Every structure is written in structure tokens, then in C-alpha cells.
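J.: Line by line, the protein sequences give chains A and B. According to the working numbering, the first sequence is numbered sequentially starting from 254. According to the working numbering, the second sequence is numbered sequentially starting from 254. Positions of the beta carbon are idealized from the N, C-alpha and C atoms, including for glycine. As the structure is a computational prediction, the values presented were derived from the model and not from experiment. Submitted below is the structure of interest, expressed as C-alpha cells.
Number of protein chains: 2
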Amino acid sequence: MITISILGAGKVAHHLILNILEQDNLKLQQVYSRHKNKVTDLVTDNQIITDLNLLEPADIFIIAVSDDAIAEVSKSVVLNNAFIVHTSGTQPIDEIQNTNRKGVLYMLQTFSYDKEVNFNKVPFCLEASNTEDFKLLDTIAICFTEKVFKISSEQRKVIHLSAVFVNNFTNHLCSLAEEICKENSVPFDILKPLIVETADKLQVLSPKDAQTGPAIRGDVKTIERHLEMLKDSNKKEIYQIITNSIINK
Amino acid sequence: MITISILGAGKVAHHLILNILEQDNLKLQQVYSRHKNKVTDLVTDNQIITDLNLLEPADIFIIAVSDDAIAEVSKSVVLNNAFIVHTSGTQPIDEIQNTNRKGVLYMLQTFSYDKEVNFNKVPFCLEASNTEDFKLLDTIAICFTEKVFKISSEQRKVIHLSAVFVNNFTNHLCSLAEEICKENSVPFDILKPLIVETADKLQVLSPKDAQTGPAIRGDVKTIERHLEMLKDSNKKEIYQIITNSIINK
Numbered sequence: 254m255i256t257i258s259i260l261g262a263g264k265v266a267h268h269l270i271l272n273i274l275e276q277d278n279l280k281l282q283q284v285y286s287r288h289k290n291k292v293t294d295l296v297t298d299n300q301i302i303t304d305l306n307l308l309e310p311a312d313i314f315i316i317a318v319s320d321d322a323i324a325e326v327s328k329s330v331v332l333n334n335a336f337i338v339h340t341s342g343t344q345p346i347d348e349i350q351n352t353n354r355k356g357v358l359y360m361l362q363t364f365s366y367d368k369e370v371n372f373n374k375v376p377f378c379l380e381a382s383n384t385e386d387f388k389l390l391d392t393i394a395i396c397f398t399e400k401v402f403k404i405s406s407e408q409r410k411v412i413h414l415s416a417v418f419v420n421n422f423t424n425h426l427c428s429l430a431e432e433i434c435k436e437n438s439v440p441f442d443i444l445k446p447l448i449v450e451t452a453d454k455l456q457v458l459s460p461k462d463a464q465t466g467p468a469i470r471g472d473v474k475t476i477e478r479h480l481e482m483l484k485d486s487n488k489k490e491i492y493q494i495i496t497n498s499i500i501n502k
Numbered sequence: 254m255i256t257i258s259i260l261g262a263g264k265v266a267h268h269l270i271l272n273i274l275e276q277d278n279l280k281l282q283q284v285y286s287r288h289k290n291k292v293t294d295l296v297t298d299n300q301i302i303t304d305l306n307l308l309e310p311a312d313i314f315i316i317a318v319s320d321d322a323i324a325e326v327s328k329s330v331v332l333n334n335a336f337i338v339h340t341s342g343t344q345p346i347d348e349i350q351n352t353n354r355k356g357v358l359y360m361l362q363t364f365s366y367d368k369e370v371n372f373n374k375v376p377f378c379l380e381a382s383n384t385e386d387f388k389l390l391d392t393i394a395i396c397f398t399e400k401v402f403k404i405s406s407e408q409r410k411v412i413h414l415s416a417v418f419v420n421n422f423t424n425h426l427c428s429l430a431e432e433i434c435k436e437n438s439v440p441f442d443i444l445k446p447l448i449v450e451t452a453d454k455l456q457v458l459s460p461k462d463a464q465t466g467p468a469i470r471g472d473v474k475t476i477e478r479h480l481e482m483l484k485d486s487n488k489k490e491i492y493q494i495i496t497n498s499i500i501n502k
């Protein structure tokens, strides 16, 4: 039985906790949160601490807090020889302080409170400062997922940047489309099958080969008509710059 | 048995033909293509014509050619009282010439030759200049899909513009991410589960509620680090403008 304590109570911590509780060979030791009521009801009250001085020994401490708070939280783990990992896509492994047993467990997925995540398909990007601890991380990760990768801090930065493009930015473009629909009394729902197919297609085709639309066809008339329809200067600018980027490839 | 002739041999025509051939109560009458070898082998040679003067009567003629060619192709249908529809997202119904029986059958989906499409989930946006013809279009559409919508030419323009954002533009952002991965020797495949989850999430959450990432968190440090990593001025500009757009919402 591997004992795990989670330091943090945000979205990543929330989904991690839910998944740890489902595993037979993992034990949730404690959860640290500044606000007790932020932790899911599935965790018993005596497992939740609001003071890091109350931290008990565990096989691994997983810090799931904002990037800027990782160093500070890791410093507050005053237990001897603790194995401490963070879950950030952007911070290097050395952001962990006050221990030689450092690691990273970065789940390459987007987490929201209201959407359950199938961990089985989530890529776990692992890094550890020594081989034994890497093995422990690996043992934990394969409980959750079939997709485990050994990823360096440098590689992880690249993956995180790419993830911003394929997730955060694409989601925002959908948000702009929803606004366009609302402004024109068209139901956004009609676009949902297209959104799914756009993603499904990229499981079998490279995005370069999957590109369709007026820009790649050089259909100047349609592009002009679209720009005319867009009254809002922000949407117009985004339309123009991405269209140019497609044309110039 | 409804007889259908397809005028055109591009991607939309290709997928339409494949799906008509699978239907028991639809009959593919003829396919018009300037180049005989562009039509799938599943269509027999004597069904393919390269001259519109050889067009036989059919219950409906579906024009699936580039937007600019619709008017010209429709004029070349010299049969009396023909019901002619186009498949364009952007052109109004009146782009069809030389007949009073006009219509539109716009499939809101992205089509590539190498990717089979499950028509059952594709929204069919229908429009016709008279009620009887709309009924015929509807009868055809429900053979293919469970999602049939009556959509005016004005609404269709809005849907098409929105589709450019949720499909063409998001696909291009994935293409940029693939370049970033390649330049840094990280496998793009690792991002594929995230791409699928990004789309899946939007089936249950509005894109506004689904937004995550450094921009929505106001995480200036990460944004600065990302901009530093992007050497290419085009990617940098796109990163900056979409990030600002997220922040300003």
C-alpha cells in the first residue's frame, strides 16, 4: 500500500483525490488545504489539515498548487527525507525545495470541477531526481493510466506550451464562435458535432493534412464576406491573423 | 425510391456519394465530374458524365462544387422544372439559377478524403424555395442523419462563419502546436488525448465555463516564459492576441 498526501485543493488536487480514493493499492494519507471546505466530502474531516506542521509521514507528497506557491509549500514540508513532487507543466523539478527526493507528476489534461475525467487516457509525464523514486512514481501512475511518459523539465515546458495552443486557445475560439451564434440567434449546439469531429480527425490525420476551409483554399471572396460580418474588432483581428497564418504555410 | 444526381467530384460530393450508395431508398442516378477518374470506383462508369448535356431527369440535383462555380453549373442543368440544391455554407439559396425549385443541403461537417464520416451525427441544414421541395429534402436528410435543421440563408452564413472558428482555426492552432513539438523533438501524439478531451468537454460545458490556462488565471509569468520560448514571430503574435482576447473577456 502506497501512502499519498495531497497538498492543495484546486482542480488538479480534486481530480487526483477522486482517483486515488478509487485505487485499492493507494492510500490517501492527508490533504492539506488552507480552507477545509474546499476539499471534496469524500475525504474524512480528520484527513484534512490546514496547517502543514500537522503533516504525517507518507510515501509521497504531491503538491498541486499554483506555480508560484510550489517552492513555498515544499519548504513547509519539514519531514525528513520526504519525496515531494509537483504537478506543474511549466515549473522545473528544482522548484521543489528542502529535499533531495524531488519529482514531477504532470497530467497532460484539462480539468474542470464539473467534468469527470477518464484518467485511463490521460498522459502522465513523470520526472524524478533518482531512479528509485522514479519507479515509485511510475508504480503510482500505472494505477491511473495506460499512458506513462518519462519527460524532462525541458520537454515538459514544450508540451505545456503546445497544450496552451491545442486546448486553451482552441477553447477560446469556440467561445468566440458561441458569441457569434448568440449575437445572431443561432443555437451554438448545432456546432457541437463539428467540434468533436475536428478533434477525432486529428487522431488519424496530421493537423496539416486535416486543414480545410476558405483560407487553405485561397477563397478570398468568402474571407472578405466573413470579415464584413464580424463587427467586433477583436474577432476581426483574430480572424485575419489566423487566416494569414494558414495562407502563409 | 428517390433518384439523386450529384454534380461535382470534390470531398463533399465524395462523402455524399458513399452515403447515398448505402441507402436502400435512395438511388444514385448520375455523377457529373469534369474528370471521370476523380469519382470513386464504387460508381459505375456509365453513371458518370463529363458533359452536363447528358444529364438525365432525377428527383433532385445536388451541386457540390466550389462556391464560385455553383451559379454556372446550375445554369447548365437544362432539364425542365429541375429541383436543384447546393451544399455551400456561404452562398444564398438564390445562387441557384434557371429554376424556381431551389434548395440548400448544407452538411455542417469537415470532410477529408482519408477520414470516414459518421453521417448519423452530422447536422444537415436544409432550405428550399417551396414546401413540397423542403419535404423531399427532409426525407432525404433523415435517411442520413438524426440531426436535421431548417436553416435560412442568413442563419447559414452565421453558422459557416462560426464553423471556421471551431474547426478551421482550431485545427490550425493544432498545426502550430505540432510544429512546436517537432522543433523540440517532443512527440505530438502525447497531445492527442487532450485534443479529444477539449472537444468532449464542450459537449457538456459552455466554452466560457470550460476555459483554463495561464491567460484566464492571469498568470503573467507563464505567459512571458511562453512568449520567450516562441522564436517564430507568427506564433508569438497569435499567442499574444488570443491571450489578450481571453484576458479581456
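#1: In three-state DSSP terms, what is ALA311/A?
#2: Look at the alpha carbon of LEU295/B and the alpha carbon of LEU414/B, and state the distance between them as a whole number of angstroms.
#3: Count the other C-beta atoms from every protein chain shown that fall within 10 angstroms of the C-beta of GLY356/A, then say buried if there are 16 or more, exposed otherwise.
#4: Hey, PRO345/B and ILE443/A: beta-carbon distance below 8 Å or not?
#5: Find the residues of chain A that neighbour GLY466/B, judging by a C-beta separation of less than 9 Å, and give them in chain order.
#6: Can you pull the chain B neighbours of PHE402/A, defined as C-beta to C-beta under 8 Å?
#7: Taking the C-alpha atoms as reference points, what is the distance between HIS268/A and ILE301/A?
#8: Check the Cβ-Cβ distances between ASN299/B and every residue of chain A, and say whether any is below 8 Å.
#9: Starting from the Cα of ASN278/B, find the closest Cα among LYS435/B, ALA394/B, GLN456/B and LEU308/B and give me that residue.
#10: Label ALA335/A either buried or exposed according to how many other C-beta atoms from any shown protein chain fall within 10 Å of its C-beta, with 16 as the threshold for buried.
#11: Using the DSSP secondary-structure output, state which residues sit across from SER258/A in a beta bridge.
#12: Using a Cβ-Cβ cut-off of 8 Å, state whether HIS479/A counts as contacting chain B.
#13: Does any residue of chain B bring its CB to less than 8 Å from the CB of ASP472/A?
#14: Quick check: LEU426/B and VAL411/A, are their CB atoms within less than 8 Å of each other?
#15: Using the three-state DSSP reduction, which class does GLN408/A fall into: helix, strand or coil?
#16: How about THR451/A and ALA452/B: are their beta carbons less than 8 Å apart?
#17: On the three-state DSSP scale, how would you describe LEU281/B?
#18: Determine the burial state of VAL439/B: buried for a count of at least 16 other Cβ atoms within 10 Å of its Cβ, exposed for fewer.
#19: With a cut-off of 8 Å, does the C-beta of PRO460/B fall near any C-beta of chain A?
#20: Quick one: Cα of ALA381/A to Cα of LEU480/B, how far?
#21: Please state whether DSSP places ALA335/A in a helix, a strand or coil.
#22: Under three-state DSSP, which class holds LYS484/B?
#23: Quick check: what's the CA-CA separation for LYS484/A versus LYS454/B?
#24: Measure the alpha-carbon distance for LEU260/A versus ASN424/A and round it to whole angstroms.
#25: Cβ of ALA317/A within 8 Å of Cβ of THR343/A?
#26: Starting from the beta carbon of THR411/A, find every residue of chain B whose beta carbon is closer than 9 Å, and list them in chain order.
#27: If I measure Cβ to Cβ from ARG354/B and keep anything under 6 Å in the same chain, skipping five residues before and after, which residues do I get?
#28: Tell me the residue span of the beta strand (DSSP E) that contains PHE377/B.
#29: Looking at chain B, which residues of the segment 314-348 of chain A have a Cβ within less than 8 Å of any of its Cβ atoms?
#30: For a contact defined as C-beta to C-beta under 7 Å, what are the partners of ALA430/A on chain D?
#31: Mapping the DSSP letters down to three states, classify SER365/A as helix, strand or coil.
#32: Going by C-alpha to C-alpha distance, which of LEU390/A, SER319/A and GLY263/A sits closest to ASN290/A?
#33: Over what stretch of residues does the alpha helix (DSSP H) that includes LYS388/A continue unbroken?
#34: Run the CB neighbour count on GLN456/A, radius 10 Å, all protein chains shown included, and call it buried at 16 or more, exposed below.
#35: Out of ILE255/B, SER329/B, GLY466/B and LEU305/B, which one is the CA nearest neighbour of ILE349/B?
#36: Who are TYR492/A's beta bridge partners in DSSP?
T.: Taking the structure as given:
#1: As a position in the first sequence, residue 311/A is number 58, starting the count at 1. If DSSP states are grouped into helix, strand and coil, ALA311/A belongs with coil.
#2: As a working note, residue 295/B is residue 42 in the second sequence. As a working note, residue 414/B is residue 161 in the second sequence. Rounded to the nearest angstrom, the two C-alpha atoms are 34 Å apart.
#3: For the purposes of this step, residue 356/A is identified with residue 103 of the first sequence, where counting begins at 1. GLY356/A is buried by the Cβ-count criterion.
#4: As a working mapping, residue 345/B is identified with position 92 in the second sequence. As a working mapping, residue 443/A is identified with position 190 in the first sequence. It is not a contact, given that the beta carbons lie outside the stated cut-off.
#5: Your numbering for residue 466/B matches position 213 in the second sequence. Residues of chain A whose Cβ lies closer than 9 Å to the Cβ of GLY466/B are, in chain order, THR363, ALA416, VAL417, ASN420, ASN421, PHE422, ASN424 and HIS425.
#6: Numbered from 1 along the first sequence, position 149 holds the residue referred to as residue 402/A. Proximity of chain B to PHE402/A at the Cβ level (cut-off 8 Å) is accounted for by ILE443, in chain order.
#7: Counted from its first residue, the first sequence places residue 268/A at position 15. Counted from its first residue, the first sequence places residue 301/A at position 48. Between the alpha carbons of HIS268/A and ILE301/A lies a gap of roughly 16 Å.
#8: Counting from one through the second sequence, the residue named residue 299/B turns up at place 46. So no, ASN299/B is outside the interface.
#9: Here residue 278/B is taken as the residue at index 25 of the second sequence, counted from 1. Of the residues LYS435/B, ALA394/B, GLN456/B and LEU308/B, the one whose Cα lies closest to the Cα of ASN278/B is ALA394/B.
#10: Here residue 335/A refers to the residue found at position 82 of the first sequence. For ALA335/A, the number of other beta carbons within 10 angstroms of its own is at least 16, and it is reported as buried.
#11: Here residue 258/A refers to the residue found at position 5 of the first sequence. In the DSSP output, where bridge partners are listed per residue, SER258/A has PHE314/A.
#12: As a working note, residue 479/A is residue 226 in the first sequence. At a cut-off of 8 Å between beta carbons, HIS479/A contacts chain B.
#13: Taking the first sequence and counting its residues from 1, one reaches residue 472/A at position 219. It does; some Cβ of chain B falls within 8 Å.
#14: Walking along the second sequence from the start, residue 426/B turns up at place 173. Walking along the first sequence from the start, residue 411/A turns up at place 158. It is not a contact, given that the beta carbons lie outside the stated cut-off.
#15: Numbered from 1 along the first sequence, position 155 holds the residue referred to as residue 408/A. Correct three-state label for GLN408/A: helix.
#16: Counting from one through the first sequence, the residue named residue 451/A turns up at place 198. Counting from one through the second sequence, the residue named residue 452/B turns up at place 199. Going by C-beta atoms, THR451/A is nearer than 8 Å to ALA452/B.
#17: Within the second sequence, residue 281/B is the residue found at index 28, counting from 1. Per DSSP, reduced to three states, the secondary structure at LEU281/B is strand.
#18: Start at 1 with the first residue of the second sequence, and residue 439/B comes out as number 186. Counting every other CB atom within 10 Å of its CB across the protein chains shown gives VAL439/B a total of 16 or more, marking it as buried.
#19: Position 207 of the second sequence, counted from the start, is the residue given in the question as residue 460/B. Output row for PRO460/B: interface = yes.
#20: By one-based count along the first sequence, residue 381/A stands at place 128. By one-based count along the second sequence, residue 480/B stands at place 227. Separation of ALA381/A and LEU480/B (C-alpha to C-alpha, rounded to the nearest whole angstrom) is 27 Å.
#21: Numbered from its first residue, the first sequence carries residue 335/A at position 82. Here ALA335/A carries a coil assignment [DSSP, helix/strand/coil].
#22: Walking along the second sequence from the start, residue 484/B turns up at place 231. Reduced to three states, the DSSP call for LYS484/B is coil.
#23: Residue 484/A sits at position 231 when you count from the first residue of the first sequence. Residue 454/B sits at position 201 when you count from the first residue of the second sequence. Computed Cα separation, rounded: 29 Å.
#24: As a first step, residue 260/A must be located in the first sequence, where it is residue number 7. As a first step, residue 424/A must be located in the first sequence, where it is residue number 171. Rounded to the nearest angstrom, the two C-alpha atoms are 29 Å apart.
#25: Looking up residue 317/A in the first sequence gives position 64. Looking up residue 343/A in the first sequence gives position 90. Contact flag unset, no.
#26: Position 158 of the first sequence holds residue 411/A. With the sequence shown as reference, residue 411/A is identified as Val, and Thr is not the correct amino acid for it. In chain order: ILE433, CYS434, GLU436, ASN437, SER438, VAL439 and MET482.
#27: Taking the first residue of the second sequence as 1, we reach residue 354/B at position 101. Result list for ARG354/B: PHE336 and ASP386, in chain order.
#28: As a position in the second sequence, residue 377/B is number 124, starting the count at 1. Residues 377-381.
#29: Flagged, chain order: SER319, ASP320, ASP321 and THR343.
#30: As a matter of chain content, chain D is missing from the structure shown, whose protein chains are A and B.
#31: For the purposes of this step, residue 365/A is taken as residue 112 along the first sequence, with counting starting at 1. For SER365/A, the secondary structure class from DSSP, reduced to helix, strand or coil, is strand.
#32: If you number the first sequence from 1, residue 290/A lands on position 37. Of the listed residues, the one whose Cα sits closest to ASN290/A is GLY263/A.
#33: Here residue 388/A refers to the residue found at position 135 when the first sequence is read from its first residue. 384-397 is the span of the alpha helix (DSSP H), which, as asked, contains LYS388/A.
#34: Stepping through the first sequence from its first residue, residue 456/A is reached at position 203. Exposed, because fewer than 16 other Cβ atoms sit within 10 Å of the Cβ of GLN456/A.
#35: For this step, residue 349/B is matched to residue 96 along the second sequence. Nearest option by C-alpha distance: SER329/B.
#36: Position 239 of the first sequence, counted from the first residue, corresponds to residue 492/A. DSSP lists no partner for TYR492/A.
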